[in-house]
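**Student:** In the working numbering, the protein residues as written are 3 to 272.
Backbone N, C-alpha and C define an ideal beta-carbon position, used for all residues, glycine too.
Quick caveat, the model's predicted, so the values are computed rather than measured.
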Ligand SMILES: C[S@@+](CC[C@H](N)C(=O)[O-])C[C@H]1O[C@@H](n2cnc3c(N)ncnc32)[C@H](O)[C@@H]1O
């Protein structure tokens with residue numbers, strides 16, 4: 003079955019380009035925002051971004067999105083269709099918004115793992131959950147080489163994380179591998195915005211965001227990277243195709259806030 007969307011199509015090209023994980027020709031080069039970097043250096047540069055923003059990450063999310071990230075995550079949680087007892091892996095889980103919501107739904111007989119490659123982000127997340135009385139298994143790991151056995155989870159989620167990964171195809175294959183047959187992957191990510199909104203969105207992303215980052219987090223560059231990395235990420239159909247190539251079936255997506263964000267879903271059938 004081919005990928006499909008459930009809303010009006012955003013206009014524009016794929017945004018996918020050179021390098022490993024981006025569908026291009028040169029396996030030794032990839033994107034870091036608008037820059038081309040050796041593939042082996044991207045993870046280090048992404049780590050610098052999240053080390054820098056971890057302590058102000060949550061407040062910046064609320065400010066940048068005017069609180070909308072909460073609605074996008076709530077939509078994701080609803081689409082996860084969790085039942086008590088389910089096993090869930092949250093990849094690139096950062097400060098734990100999704101993991102916390104999942105834990106409430108799967109109950110004490112279920113299992114929710116909060117994972118991320120970045121120790122600073124994971125530390126903020128773990129402490130936040132502990133402060134709320136939630137003790138979840140936490141693991142620092144790379145989505146491109148997950149330390150879990152095949153077929154371990156009923157749901158795998160990744161919110162605003164895939165864009166930062168060097169080899170998206172490898173990460174998606176890993177997500178497929180650790181899902182049980184019948185399990186579902188949910189990918190929440192910035193996507194290709196509805197074309198008429200693009201000029202205003204660009205002005206906001208490249209004008210306002212870095213300034214907000216400078217004022218609130220003392221770091222304009224990381225928020226410039228955010229704006230650039232969104233432009234370089236595969237658009238809705240391209241990400242759908244990557245998911246199908248990784249083995250997922252019944253791939254579809256929902257455009258949220260006119261395509262600013264999209265939630266992709268795919269099922270592992272066998
Ligand atoms: C924008 S944050 C998203 C955090 C959280 N999921 C949320 O929605 O608020 C992106 C996260 O992706 C993580 N990340 C980047 N590359 C990763 C990789 N290869 N494997 C696992 N996590 C990764 C970063 O460390 C960071 O915490």
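1) Which of the three DSSP states, helix, strand or coil, is assigned to residue 168?
2) Look at the Cβ atom of residue 88, then the Cβ atom of residue 156, and state whether they are nearer than 8 Å.
3) Taking only runs of the beta strand (DSSP E) that begin and end inside the stretch 145-193, which ones reach a length of at least 3 residues, in chain order?
4) Residue 232 by DSSP, collapsed to three states: which one?
5) In whole angstroms, what separates the C-alpha of residue 2 from that of residue 74?
6) Measure the alpha-carbon distance for residue 71 versus residue 78 and round it to whole angstroms.
7) Using the Cα positions of residue 85 and residue 47, report the straight-line distance between them to the nearest angstrom.
8) Thinking C-alpha only, which one of 209, 201, 194, 199 is nearest residue 239?
9) Determine the DSSP secondary structure at residue 29, reduced to helix, strand or coil.
10) Skipping 5 residues on each side, what residues in its chain have a beta carbon closer than 7 Å to that of residue 149?
11) Taking the alpha-carbon positions, what's the residue 220 to residue 58 distance?
**Tutor:** The relevant details are as follows:
1) Coil, per DSSP.
2) Contact flag set, yes.
3) The stretch 145-193 contains these whole beta strand (DSSP E) runs: 155-161, 181-192.
4) DSSP, read as helix, strand or coil, puts residue 232 in helix.
5) Missing from the structure shown is residue 2; the chain here goes from 3 to 272 and no further.
6) Taking the straight line joining both Cα atoms gives about 10 Å.
7) Distance between the alpha carbons of residue 85 and residue 47: 38 Å.
8) It is 194.
9) Correct three-state label for residue 29: coil.
10) Apart from the 5 residues on each side of it in sequence, residue 149 sits with its Cβ closer than 7 Å to the Cβ of 141, 143 in its chain, given in chain order.
11) Cα to Cα, the separation comes out at about 9 Å.
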